[in-house]
Amino acid sequence: MSDGNQGGVNLKVVGQRPIRPDGVDKVTGRAQFGADFHLPGMLTGRIKRSPHAHARVVSIDTRAAEKLPGVKAIVTSADFDAGAAGEVEAGESHAAMKEVAANCLAHGKVLYQGHAVAAVAATQPEIAAEALDLIEVTYEVLPHVIDVEAAMAADAPVLHDDMYTKGVTPKPGKASNVAAKHVMGRGDVAAAFKAAGVIVEGSYETAAVHQGYIEPHACVASWGADGQSTIWCSSQGQFLVRAMVAKILNMPLSDIKVIPAEIGGGFGGKTTVYLEPVALALSRKCGRPVKIVMSREEVFLASGPTSGAVMDVRLAATKDGKITGAEMTLKYQAGAFQGSPVNLGLMTAFACYDVESLALTGYDVVSNRPKVAAYRAPGAPMAAFAVESAIDDLALKLGMDPIDLRLLNAVRDGAKTVYGATVRCCALVETLEAIKASPHYQTPVGKGQARGVAAGFWFNVGGESSAAVHVDEDGGVTVVSSNPDIGGSRASMAMMAAERLGLPIERVRCTVADTTSIGYSGSTGGSRVTFATGMAVVEAAQKIVADLKRRAAQTWECDIAMVEWKDGVATCIDPAKDVKPLSMKAIAGKSAKTGGPIAAEVSLNAQGAAAGFGVHVCDLEIDPETGRTTVVRYTAAQDVGRAIHPAYVEGQLQGGAAQGIGWALNEEYVYGKSGLLENASFLDYRMPVASDLPMIDTILIETKPNPRHPFGAKGVGEVPIVPPLAAVSNAVSRIVGRRMTSLPMSPAKVLAEMAK
Amino acid sequence: MPRVTSISGRIADFTGGVSAFQVEARTVRALMRELEGRFPGLGDFVEDQMALAIDGEIFQDALGAEIGADSEIVLIPKIAGG
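Chains as they are written, first to last, in the working numbering: chain A, 122 to 877; chain B, 592 to 673.
In C-alpha cells:
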C-alpha cells in the first residue's frame, strides 16, 4: 500500500500535458474497436428479440431455421448453465449471475421489448437475418408496466413471482415489483422541521437515459478444439467479462482468455455482458468463431440505460440558511431485474452538505424496461437534481446568493456522512469559492438569460488492480495495465511510471493486457483506475528503481546505500569510488550480466480513495417561440486532488457536463401505451452534439491532494455528471418563472410551463 | 467494545430487526466470523456485498484491517461506479 503524498514540488512529468498516446490511431481510424476484429471462418451472429414488453415464452421452434443452408448454430437459454449462480462484481453493485444470464437470453419469460430469446450463427449476415425470421417463438402476452410508481401499485403486473421486497420486516407475504426498500438517516428530523425557520419541499422526476457510447456492444468469440476459448471484445473490464462468461457457461476461468479491444465509450454501460456468453455458446456449438455486433437500435432496446426516478425532498432550515434537517424518498427504476443504484442515490444525495438530521428512504423497483446498467456516478445525478433544486428554492426564499448558501452548509474535513465515512481532504469549500471568483460568475447575467448553480459529489473507489513495468534492453519502458483505457489511463499510467523512474514520457509506453498476461483487476469504473491501478504502477516502478540501484551497486562493487537514483541515472555517492554515473540504458543493456531482465509486477487492493466534489454554473437562454434552451456559457470546477494529466481531467469535466446537459434538456426513453420504446435511434433520442454546446470552461482545484495516493490523485470521471441536471434546471426555472421539476426539459415541456 | 450499525435495511433481514450491536472482533476477518455466528448468513452477506466504514474510513474487501477497542463500524453497501 502506498502512502505519503510526493507533493507537487519537483514533479517533472505528472501535471504536464503530453500528447495522448492513442490519439493518432483514433483520428486516423487505425484503432481496433470491438467490431473491427476478424478471424478466418468467422460466422455472423444475430439475436432474436422479443417484440413484447412482457410475455411468457410458450415455445421456441428452431427447426426451420436450422435447415436453412448457411446456418451453423442456434442457441437459447437452454444452452446456458441452468445452475449459473453466485455474484460477480459489476458496475454499481454485484450482479446476480442468474439474472445476468436471463438478461442475455430470456428464460421462461421476456421482460421487455428487445429481450433476447435466441441467437443464430450463420455464414452470411443475410442468412443470419433470414434465420431469425424462421425461428418461431410462441408468446403468451402478459400485462406490462413501465413507470416506477405504476409498478409499485398493489395491482401492478408482477414481473417476478419469487421477488419479495427485501429490507422490510416482517418479510412480505406477497411478491411485488419492489425489490428492496432502503432506509438510512440520523438525528431527529421531526424536531428539525418543528424548529425550522424555513421549509422548502418539492417532487421531482427524471427520465431513463442511455449512456450513449458511440461504439455499440461488439465481440468475437472462438471456442478452441482443446477447450481453450478466446473472446475479443469492447468492455470496461476483461476480467469481468471472463468471470461472467465462465459462470454463465459453467467453464473454468482458465479456459477463457479475454482480449480487450479499444473501447469507444462505456460510461458504466459496459460493466456487464450481453453478447459475449451468447457468441461463445454459438461458437461452442459449431466450432467456428462468431462475431456479434449490436445495431444502435439494439443498444437502446436491450442494453442498460440508467434509472428514471421519482423523488420527494423536503428541507428544514434556519432563517439564516443553515439546513438542519431533510427528508427524501427516492423511487428508482431497476428495469427488468433488481439492482437500481437507489442506495447510491441515498448515500450521495446530501453528501455535499453538513446536515444534522436526515431521513432517507429508497425503493428499487422493477418494470418492463431493459435492466439498468451503471452510468457515471450511478444514482447520484437524479438525487442531486432534487436536492440542488430544493436548495435553489431555499436560496430564493431567503434571498441568498446560491453559492453563499452552499458555502454555509458545505461539508468540511471531519464532518460525518450519512453513510458512516468521515469527510477528509475535501476541497468543496475551495471549489465553491473558485466558482464564485470565476470570470463567469463575476460577469453579470446577460439580458434575457438566466444562471443556475449546483454542486455534486462522488465517492471514487479503489479496489483490486495489477500492473507491470518492463525495462527494454535500450532503456525504454513498457507499462502493462490491467484496465481498458476509457478516460486516458494509458497516458496517466505512463506518466506516473516516468515520474517515478525519472524518465522523459517519450521513453515510456503503456499497453492494456489480456486476462492471461497480467494479474487480476477490477473493472475500469468507479473513477478508480488512476488511483488504484496507478498505485500498482508506481509501486512496480519503485521496485524497478530498487533493482536498478542494486545492479549499479553490483557493477561498482559498492554498498547499495551509496547509490542514488535521480532523473533516470544511477550515481555513486561513495567518495571512495571514482565511477561514472550509469543511465537506465547502460544498466538495461547489460541486464543479462546483472541478474537478467528488469521487470516488476504488483497486484494490490487499494484502499484510501478520496471523494470528489464539483460545482457547476450555467448560463442559458430560451427561445420563447420554440421552447428550445440554449446553454450560452458553462463552467465546471472540481476538487481533483492532483491532476496527473490536466487536459484529460478537463476532458472528463467537459464530457460529464455535456452528458448531464443532455440529461437535463433532451434525453429520455419514450414508451407508447403498448410498452414499446418509440425512440430507439439517435435521430429520436436527442443527445447534445458539439454544435449544441458552448466551450465548457473548467477549473481544477488541487488544494487537497489525496495523501493515500503517491501523487495525490482522486478519481475525476464521475463527479462532473452530477451537478449539471440541477445547474441547468435552476437556470431554466428562473426564466420560466416556476420550478422545473421534471426532466428532460424538452422544448414542448418548457413551452407548456411558460404558457401557464 | 466496537459497535456495529448499518445504513442498509438489508441487514434487518438477517438480524430480525436489530440495527445496532456490540462485537468482540478486532479485525474485519474476526468481525465476519462473529456476524456469521450471531446472525447466520450475515457474515457471508457482508463479506460479499458490503463495505465497512471503520471510524470513518471506508474499507472494501479488507479482511486484515484492524478494529479498535472502541471503534464505530458502519456496514454500507459496496461502492463501485460507472
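Just so it is clear, CB atoms sit at the ideal spot from N, CA and C, and this is done for glycine as well.
In chain order, Gly288, His303, Met305 and Asn464 make up the part of chain A whose C-beta sits under 8 Å from the C-beta of Ser599 of chain B. With contacts defined by Cβ atoms closer than 8 Å, Thr824 of chain A and Gln775 of chain A do not form a contacting pair.
Residues of chain B whose Cβ lies closer than 8 Å to the Cβ of Phe388 of chain A are, in chain order, Gly673. At a cut-off of 8 Å between beta carbons, Asp652 of chain B contacts chain A.
For Glu660 of chain A, no beta strand (DSSP E) encloses it; the enclosing alpha helix (DSSP H) starts and ends at Gly655 to Trp677.
Burial check for Gln349 of chain A: the Cβ neighbour count within 10 Å stays below 16, so the residue is exposed. The alpha-carbon separation between Arg763 of chain A and Glu771 of chain A amounts to approximately 12 Å. Neighbours of Lys537 of chain A across chain B, judged by C-beta separation under 9 Å: Gly647. Taking the Cα of Lys706 of chain A as reference, the smallest distance to any Cα among A:Leu624, A:Pro696 and A:Ile681 is reached at A:Leu624. For Phe734 of chain A, the secondary structure class from DSSP, reduced to helix, strand or coil, is strand. Annotation for Leu253 of chain A: the continuous alpha helix (DSSP H) segment containing it runs Pro246 to Leu255. Residues Phe605 of the same chain have their beta carbon placed closer than 7 Å to that of Gly632 of chain B, with the five preceding and five following residues left out of the count. Going by DSSP, Asn726 of chain A is part of the beta strand (DSSP E) stretching over Ile719 to Ala727. The C-alpha of Phe158 of chain A is placed about 19 Å away from the C-alpha of Val366 of chain A. The beta-carbon of Pro668 of chain B is placed less than 8 Å from the nearest beta-carbon of chain A. Here the region 288-298 of chain A does not lie against the region 220-240 of chain A, with fewer than 3 beta-carbon pairs under 8 Å apart. For Leu529 of chain A, the uninterrupted alpha helix (DSSP H) run begins and ends at Pro523 to Asn530, by DSSP.
Spanning the alpha carbons of Ile607 of chain A and Cys679 of chain A requires a straight line of approximately 45 Å. Counting other Cβ atoms within 10 Å of its Cβ, Gln153 of chain A stays below 16 and is therefore classed as exposed.
Close to chain B, meaning a Cβ-Cβ distance shorter than 7 Å, are the following residues of the region 481-513 of chain A: Ala495, Tyr496, Arg497, Ala498 and Pro499.
Counting the other Cβ atoms within 10 Å of the Cβ of Arg672 of chain A gives 16 or more, which makes it buried.
In this model, Leu519 of chain A and Ile320 of chain A are separated by some 11 Å (Cα to Cα). In this structure, Ala457 of chain A keeps its C-beta atom at 8 Å or more from the C-beta atom of Asn827 of chain A. Residue contact check for Gly608 of chain B against chain A: a CB pair falls below 8 Å.
For the pair of segments examined, the region 349-360 of chain A was found not to touch the region 453-473 of chain A: the number of CB pairs separated by less than 8 Å stays below three.
CA-CA distance, Asp635 of chain A to Thr351 of chain A, rounds to 10 Å. Look at Asp635 of chain B: its C-beta is not under 8 Å from any C-beta on chain A. Shortest Cα-Cα distance from Ala516 of chain A to any of A:Lys440, A:Phe580 and A:Arg628 involves A:Lys440. In the three-state reduction of the DSSP assignment, Leu226 of chain A falls in the coil class.
Rounded to the nearest whole angstrom, the CA to CA distance from Ile782 of chain A to Leu846 of chain A is 6 Å. Close to chain B, meaning a Cβ-Cβ distance shorter than 9 Å, are the following residues of the region 536-558 of chain A: Lys537, Thr538, Val539, Tyr540, Gly541, Ala542, Thr543, Val544 and Arg545. Judged by DSSP secondary structure, Leu626 of chain B falls within the alpha helix (DSSP H) whose first and last residues are Val619 to Arg629. In this structure, Glu551 of chain A lies near Ile822 of chain A, with their beta-carbon atoms less than 8 Å apart. If you draw a straight line from the Cα of Pro337 of chain A to the Cα of Cys693 of chain A, it comes to about 55 Å. The beta carbon of Leu132 of chain A lies closer than 8 Å to those of Glu620 and Phe832 in the same chain, with the five residues before and after it left out. Counting every other CB atom within 10 Å of its CB across the protein chains shown gives Gln563 of chain A a total below 16, marking it as exposed.
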